[in-house]
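K.L.:
All the letters of the first sequence, read from the start, carry residue numbers 145 to 620 under our numbering. Note that beta-carbon positions come from the ideal geometry of N, C-alpha and C, so glycine has one too.
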Amino acid sequence: MASTFYFYDLETSGISPRRDRIMQFGGQRTDLSLKPIGKPDNFIIKLDDDVLPQPDAILTHDITPQKTRADGLSEREFLHFFTDKIVQPGTIFVGFNNIRFDDEFIRFSLWRNFFDAYEWQWKLNCSRWDLLDVARMTRALRPDGIQWPFAPDGKPTVRLEMMATINKLSHSSVHDAASDVRVSIALARLIRLKQPKLFEYLLNLRNKTKVEVLVNGSEPVVYTSGHYPNEYEKTTMAMMVGPRADQPGALMYDLRIDPKPFLKLEPAQLAKLWSDHSKEAKYFPVKILSYNRCPAIAPLNVLDKKDAKRLGLDLKKVDKHLAKLKAADGFADRLNKALEIIHPPKQPKLVVNEDEVDGLLYDGFVSQPDKTRMSVVRAADAETISDLTVDFDDERLTALLPLYKARNFPKNLTSVEAANWEKFKARKLLAGGEGSAAAKYFQRISELASKPMTSRQQKHVLKELEIYGESILPAA
DNA sequence: CTACAGGT
Numbered sequence: 145m146a147s148t149f150y151f152y153d154l155e156t157s158g159i160s161p162r163r164d165r166i167m168q169f170g171g172q173r174t175d176l177s178l179k180p181i182g183k184p185d186n187f188i189i190k191l192d193d194d195v196l197p198q199p200d201a202i203l204t205h206d207i208t209p210q211k212t213r214a215d216g217l218s219e220r221e222f223l224h225f226f227t228d229k230i231v232q233p234g235t236i237f238v239g240f241n242n243i244r245f246d247d248e249f250i251r252f253s254l255w256r257n258f259f260d261a262y263e264w265q266w267k268l269n270c271s272r273w274d275l276l277d278v279a280r281m282t283r284a285l286r287p288d289g290i291q292w293p294f295a296p297d298g299k300p301t302v303r304l305e306m307m308a309t310i311n312k313l314s315h316s317s318v319h320d321a322a323s324d325v326r327v328s329i330a331l332a333r334l335i336r337l338k339q340p341k342l343f344e345y346l347l348n349l350r351n352k353t354k355v356e357v358l359v360n361g362s363e364p365v366v367y368t369s370g371h372y373p374n375e376y377e378k379t380t381m382a383m384m385v386g387p388r389a390d391q392p393g394a395l396m397y398d399l400r401i402d403p404k405p406f407l408k409l410e411p412a413q414l415a416k417l418w419s420d421h422s423k424e425a426k427y428f429p430v431k432i433l434s435y436n437r438c439p440a441i442a443p444l445n446v447l448d449k450k451d452a453k454r455l456g457l458d459l460k461k462v463d464k465h466l467a468k469l470k471a472a473d474g475f476a477d478r479l480n481k482a483l484e485i486i487h488p489p490k491q492p493k494l495v496v497n498e499d500e501v502d503g504l505l506y507d508g509f510v511s512q513p514d515k516t517r518m519s520v521v522r523a524a525d526a527e528t529i530s531d532l533t534v535d536f537d538d539e540r541l542t543a544l545l546p547l548y549k550a551r552n553f554p555k556n557l558t559s560v561e562a563a564n565w566e567k568f569k570a571r572k573l574l575a576g577g578e579g580s581a582a583a584k585y586f587q588r589i590s591e592l593a594s595k596p597m598t599s600r601q602q603k604h605v606l607k608e609l610e611i612y613g614e615s616i617l618p619a620a
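(1) For W418, report the span of its beta strand (DSSP E) as first-last.
(2) Leaving out five residues before and five after M281 in sequence, what residues of the same chain have Cβ atoms less than 6 Å from its Cβ?
(3) Given this structure, state the Cα-to-Cα distance separating V446 from D185, to the nearest angstrom.
(4) For A295 and T301, which I take to be in contact (beta-carbon distance under 8 Å), what is that distance rounded to the nearest angstrom?
(5) In this structure, how does DSSP classify W264 when only helix, strand and coil are distinguished?
(6) Would DSSP call E155 helix, strand or coil?
(7) Among Y376, P373, P403 and T353, which one has its Cα closest to the Cα of S434?
(8) DSSP has T148 in a bridge; who is on the other side?
(9) Just to confirm, is the Cβ distance from V430 to M396 under 8 Å?
(10) Report the option in K190, S615, T558 and W264 whose CA atom is closest to the CA atom of E221.
(11) Under the rule that 16 or more other beta-carbon atoms within 10 Å means buried, what is E377, buried or exposed?
(12) Exposed or buried, Y427, counting other C-beta atoms within 10 Å across all chains shown (16 or more means buried)?
(13) Which one of K338, S271, V365 and F240 has the shortest CA to CA distance from M306?
(14) Between D480 and the rest of its own chain, which residues show a CB-CB distance below 6 Å, the 5 nearest in sequence each way excluded?
(15) Helix, strand or coil for R272, going by three-state DSSP, please let me know.
(16) Alpha carbons only, please: which of F258, T227 and S599 is nearest the one belonging to K267?
(17) Could you tell me which residues DSSP pairs with F187 in its beta bridges?
(18) Alpha carbons only, please: which of G508, K549, A619 and L399 is nearest the one belonging to T528?
(19) With DSSP collapsed to three states, give me the class of V365.
(20) In chain order, which continuous runs of the alpha helix (DSSP H) of length 4 or greater are located wholly inside the stretch 318–379?
(21) Residue range of the beta strand (DSSP E) that S434 falls in?
(22) Which word fits S362, buried or exposed, when buried means at least 16 other C-beta atoms lie within 10 angstroms of its C-beta?
(23) Determine contact between the stretch 146–158 and the stretch 322–342, defined as no fewer than three beta-carbon pairs at a distance below 8 Å.
(24) Using only the alpha-carbon positions, how far apart do C270 and R437 sit?
(25) Taking A146 as the reference, which of G171, K211 and I236 has the closest Cα?
(26) Would L459 and A452 be called neighbours here (beta carbons separated by less than 8 Å)?
(27) A482 and L414: beta carbons closer than 8 Å?
(28) Hey, is the stretch 535–549 in contact with the stretch 506–521, meaning 3+ C-beta pairs nearer than 8 Å?
(29) Going by C-alpha distance, which of N564, Q198, A332 and D398 is nearest D164?
(30) Run through DSSP, which three-state label would M307 get?
(31) Return the residue from the list W264, V355 and V278 that minimises the CA-CA distance to K338.
(32) Select from K464, L557, A284 and L276 the residue whose C-alpha is nearest the C-alpha of L455.
(33) Between the Cα of P513 and those of V501, F536, N564 and E500, spot the shortest distance and give me the residue it belongs to.
(34) Between L609 and T208, what straight-line distance do the alpha-carbon atoms span, to the nearest angstrom?
(35) Which residue spans inside the stretch 471–508 form an unbroken beta strand (DSSP E) run of at least 3?
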């Protein structure tokens with residue numbers, strides 16, 4: 145079956161995929177020439193009553209929890225539509241910063257609802273891509289034919305709304321999922337029209353094996369990444385020091401920087417420099433590249449002398465730095481040991497905590513028998529959910545089931561289950577007194593309400609949020 | 001989040 149793009153964007157209740165929820169989903173399928181196929185999708189998704197949104201997020205998109213409750217699908221209903229209708233063979237899921245944002249929200253939503261979190265982006269020849277680093281690399285290497293915005297502080301930026309304005313991509317409103325999808329498609333068209341070779345090249349590089357082959361070559365690569373500063377368009381020449389020990393990725397050395405001061409350092413010293421993010425911290429020239437996150441990398445021959453100069457790359461220095469790096473011994477090992485100091489490997493939890501289980505997707509993969517059991521949970525309806533007994537291997541799924549029941553079938557709970565759900569909400573929202581989720585929520589609402597920049601309309605939304613918060617608070 | 005930009 146022919147590949148298609150599926151452009152999508154979310155408006156959420158905050159920026160943490162573990163904690164926050166999808167409130168609006170917008171999407172549009174296109175063919176590979178970016179011509180729409182069928183009608184756009186646009187869904188409002190209900191906020192569950194154990195979740196308080198981040199007030200700042202609500203002011204960003206103006207979708208109140210009340211609106212989601214009045215007009216929305218449940219998460220579960222939405223995900224059935226998503227996995228049945230939107231996930232079609234050969235779909236390339238794409239958005240603007242979806243790999244580090246929207247895709248994560250989809251994964252955690254699937255997790256909470258007993259769907260596989262990953263299959264939608266690999267099974268049936270599906271894959272994912274992301275326009276953010278495509279835009280950044282185009283700006284760095286092939287900027288002609290496209291207007292490139294600067295932030296008010298004068299620094300280059302590729303923020304979607306600024307790209308839209310300066311290139312007249314759309315007249316619609318920002319921070320509406322359906323509208324941002326149209327803007328993303330328009331941006332993809334613009335880049336494809338003006339710089340077709342780079343567009344096609346990066347599209348074909350979305351495969352993690354191809355990325356790994358290019359990175360593991362004997363030559364450095366041109367690498368554009370959000371990890372690099374704006375000064376040189378977030379782009380440098382980088383050489384793999386070695387593979388990352390614990391995950392499929394590479395340790396990339398930034399060849400602008402003389403490696404000598406770093407090559408002999410002990411892991412503890414490297415860890416200290418690497419994790420120092422204070423104002424005075426010196427730039428640390430090693431970054432992690434993940435093969436499966438569609439990094440924007442290219443072979444050196446994309447750079448001519450003029451490009452190198454524009455990007456502030458002194459090729460003679462780069463060569464010297466590369467020679468020193470190649471002559472060094474054991475640097476990759478010491479860097480991997482440093483990483484282990486910075487992020488100590490997680491101890492597997494002996495007892496799964498029900499209060500955290502919504503966020504435990506990455507604690508491990510689900511076994512094959514459990515996947516079958518998950519499909520039984522998914523298939524249960526209001527009639528059958530009460531009698532459902534499932535004996536999972538994975539304690540996380542056991543802990544998740546009562547939450548799933550309470551969120552989706554509140555009328556079908558036994559009195560014990562209902563009481564447990566009330567206790568769960570009380571712990572989640574009220575535990576910690578002054579520092580509780582509810583206290584922070586109301587605190588933030590009043591902070592925002594008293595800001596001079598807050599408009600009448602925003603104050604109205606904040607009032608709605610206050611009413612909403614009070615309406616879902618469990619009895620303490 | 002993971003490192004100073006991008007997403008809500």
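P.N.:
In short:
(1) Position 274 of the first sequence, counted from the first residue, corresponds to residue 418. Careful: W418 lies outside any beta strand (DSSP E), inside the alpha helix (DSSP H) at P411 to W418.
(2) Locating residue 281 in the first sequence gives position 137, counting from the first residue. The beta carbon of M281 sits closer than 6 Å to those of T368 and A440, all from its chain and outside the five residues before and after it, given in chain order.
(3) In the first sequence, residue 446 corresponds to position 302, counting from 1. In the first sequence, residue 185 corresponds to position 41, counting from 1. Going by the C-alpha atoms only, they are around 38 Å apart.
(4) Mapped onto the first sequence, residue 295 falls at position 151. Mapped onto the first sequence, residue 301 falls at position 157. The Cβ separation is near 4 Å, so the contact holds.
(5) Position 120 of the first sequence, counted from the start, is the residue given in the question as residue 264. Correct three-state label for W264: helix.
(6) Reading the first sequence from its first residue, position 11 is the one you call residue 155. The answer is strand: DSSP assigns E155 an E or B state.
(7) Residue 434 sits at position 290 when you count from the first residue of the first sequence. Scanning Y376, P373, P403 and T353 for the CA closest to the CA of S434 turns up T353.
(8) Taking the first sequence and counting its residues from 1, one reaches residue 148 at position 4. In the DSSP secondary-structure assignment, T148 is bridged to T235.
(9) For the purposes of this step, residue 430 is taken as the residue at position 286 of the first sequence. For the purposes of this step, residue 396 is taken as the residue at position 252 of the first sequence. In this structure, M396 lies closer than 8 Å to V430 by Cβ.
(10) As a first step, residue 221 must be located in the first sequence, where it is residue number 77. Minimum Cα-Cα distance from E221 among the listed residues K190, S615, T558 and W264 corresponds to K190.
(11) On the first sequence, residue 377 is found 233 positions in, with the first residue counted as 1. By the neighbour-count rule (16 or more Cβ atoms within 10 Å), E377 is buried.
(12) Position 283 of the first sequence, counted from the first residue, corresponds to residue 427. Exposed: under 16 other Cβ atoms inside 10 Å.
(13) Residue 306 sits at position 162 when you count from the first residue of the first sequence. Minimum Cα distance to M306 is reached at F240.
(14) Here residue 480 is taken as the residue at index 336 of the first sequence, counted from 1. Rather than Asp, the amino acid found at residue 480 in this sequence is Asn. So the list reads A389, once near-sequence residues are dropped.
(15) Walking along the first sequence from the start, residue 272 turns up at place 128. Looking at R272 - three-state DSSP - the assignment turns out to be strand.
(16) Indexing the first sequence from 1 puts residue 267 at position 123. If we check each option's Cα against that of K267, T227 comes out closest.
(17) Mapped onto the first sequence, residue 187 falls at position 43. F169, per the DSSP bridge assignment.
(18) Locating residue 528 in the first sequence gives position 384, where the first residue counts as 1. Measuring from the Cα of T528, the nearest candidate turns out to be K549.
(19) Residue mapping note: residue 365 aligns to position 221 of the first sequence, counting from 1. Three-state result, V365: strand.
(20) 321–338, 340–348 and 352–359
(21) Sequence index remark: in the first sequence, residue 434 carries index 290 (1-based). S434 -> beta strand (DSSP E) spans V430 to S434.
(22) Along the first sequence, read from residue 1 onward, the residue named residue 362 stands at position 218. When all chains shown are included, S362 counts as exposed.
(23) yes
(24) Counted from its first residue, the first sequence places residue 270 at position 126. Counted from its first residue, the first sequence places residue 437 at position 293. So the two alpha carbons sit approximately 15 Å from each other.
(25) By one-based count along the first sequence, residue 146 stands at place 2. Residue nearest to A146 within the set G171, K211 and I236 is I236 (criterion: CA-CA distance).
(26) To locate residue 459, count along the first sequence from 1; it is residue 315. To locate residue 452, count along the first sequence from 1; it is residue 308. Against a cut-off of 8 Å, the Cβ pair of A452 and L459 comes out as a contact.
(27) Walking along the first sequence from the start, residue 482 turns up at place 338. Walking along the first sequence from the start, residue 414 turns up at place 270. Contact: yes.
(28) yes
(29) Along the first sequence, read from residue 1 onward, the residue named residue 164 stands at position 20. Nearest C-alpha to D164: Q198.
(30) For the purposes of this step, residue 307 is taken as residue 163 along the first sequence, with counting starting at 1. Of the three classes helix, strand and coil, the one that applies to M307 here is helix, per DSSP.
(31) Numbered from its first residue, the first sequence carries residue 338 at position 194. Here the closest residue by C-alpha is V278.
(32) The sequence position of residue 455 within the first sequence is 311, counting from 1. Minimum Cα distance to L455 is reached at A284.
(33) Within the first sequence, numbered from 1, the residue matching residue 513 stands at position 369. Checking every option, the nearest Cα to that of P513 belongs to F536.
(34) Reading the first sequence from its first residue, position 465 is the one you call residue 609. Reading the first sequence from its first residue, position 64 is the one you call residue 208. C-alpha separation (whole angstroms): 7 Å.
(35) As far as the stretch 471–508 is concerned, it has no whole beta strand (DSSP E) run of at least 3 residues.
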